[in-house]
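Chemist:
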Amino acid sequence: MSTHFEGEGNIGSDPQVKVFPTSDNSPPRGILRLNVFFDNPVAVGEGNFEDRGGFWAPVEISRDADTCEQWSQLYQRGMRVMVAGRMIRDQWTGVNNEERSAMKVRARSVGILPYRIDDVVMAQKSSVSDQVVQPSEPLEPAVPEDSFMENEGSCLTSE
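First residue of the sequence shown: 1, per the UniProt record's numbering; consecutive thereafter.
1. According to the Cβ coordinates, are residue 59 and residue 17 closer than 7 Å?
2. Pop quiz: residue 80 and residue 113 are said to be a contact at Cβ under 8 Å. What is the actual Cβ separation, rounded to whole angstroms?
3. From the DSSP output, which residues share a beta bridge with residue 88?
4. What is the DSSP secondary structure of residue 124, counted as helix, strand or coil?
5. What's the gap between the Cα of residue 117 and the Cα of residue 74?
6. Does DSSP classify residue 130 as helix, strand or coil?
7. For residue 5, collect the residues of the same chain with a Cβ closer than 8 Å to its Cβ; drop the 5 residues on either side in sequence, then sort them by chain order.
8. Give me the Cβ distance between residue 160 and residue 110, rounded to the nearest whole Å; I'm assuming they're in contact under 8 Å.
9. Given this structure, state the Cα-to-Cα distance separating residue 77 from residue 22, to the nearest angstrom.
10. Can you list the alpha helix (DSSP H) stretches of 4 or more residues lying completely in the region 43-92, in chain order?
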């Protein structure tokens with residue numbers, strides 16, 4: 001059983017990558033694991049906040065092994081992230097054969113938020129589709145900008 005999850009939090013430890021071979025000739029798969037604290041700041045007094053109900057959760061991203069390795073170099077302890085995915089119950093047998101379970105997030109995406117970020121460097125694209133044809137003249141907007149203000153209320157009316 002799982003439920004949709006979106007949350008903002010801080011990465012609490014260095015990322016971990018596990019690589020799994022595949023049975024066919026496809027590249028190996030990987031799981032990138034982040035431990036994230038999802039806080040719940042509540043205002044107390046003037047400009048002060050207190051965490052109420054925050055929690056730690058493991059966050060797992062499943063991709064090809066190379067992507068997981070590359071992303072593990074980007075995510076860092078202390079980074080603020082936005083996580084979207086599914087909250088699922090993970091079950092396993094403990095060392096004394098007791099049944100154990102915990103909640104984890106199987107992430108669809110983990111976005112880095114710009115808090116405490118000093119610089120962003122983009123890698124060069126490497127595909128043929130990188131060649132963008134530049135127009136010889138600036139393109140005109142399909143609808144003049146001032147027409148939005150003139151017809152501002154007309155979108156909300158029904159005839």
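The beta-carbon is built from N, C-alpha and C at its ideal position, and this holds for glycine as well. Since we're looking at a predicted model, the values are computed, not measured.
Modeler: So, to answer that:
1. For this step, residue 59 is matched to residue 59 along the sequence shown. For this step, residue 17 is matched to residue 17 along the sequence shown. Going by C-beta atoms, residue 59 is not nearer than 7 Å to residue 17.
2. In the sequence shown, counting from the first residue as 1, residue 80 sits at position 80. In the sequence shown, counting from the first residue as 1, residue 113 sits at position 113. Yes, they are in contact, since the Cβ atoms of residue 80 and residue 113 sit about 4 Å apart, within 8 Å.
3. The residue labelled residue 88 in the question sits at position 88 within the sequence shown. Note: residue 88 sits in a beta bridge opposite 2, 104.
4. Here residue 124 refers to the residue found at position 124 of the sequence shown. Here residue 124 sits in coil by DSSP.
5. Residue 117 sits at position 117 when you count from the first residue of the sequence shown. Residue 74 sits at position 74 when you count from the first residue of the sequence shown. Going by the C-alpha atoms only, they are around 12 Å apart.
6. Taking the sequence shown and counting its residues from 1, the one referred to as residue 130 is at position 130. Residue placement at residue 130 is flagged as unreliable, the pLDDT there being 49, under the threshold of 50; the coordinate-derived value follows with that caveat. Correct three-state label for residue 130: helix.
7. In the sequence shown, residue 5 corresponds to position 5, counting from 1. These residues qualify, in order along the chain: 83, 84, 85, 86, 87, 105.
8. There is no way to answer for residue 160, as the model of the chain reaches only from 1 to 159.
9. Start at 1 with the first residue of the sequence shown, and residue 77 comes out as number 77. Start at 1 with the first residue of the sequence shown, and residue 22 comes out as number 22. Looking at the two C-alpha atoms, the distance is approximately 30 Å.
10. 65-74
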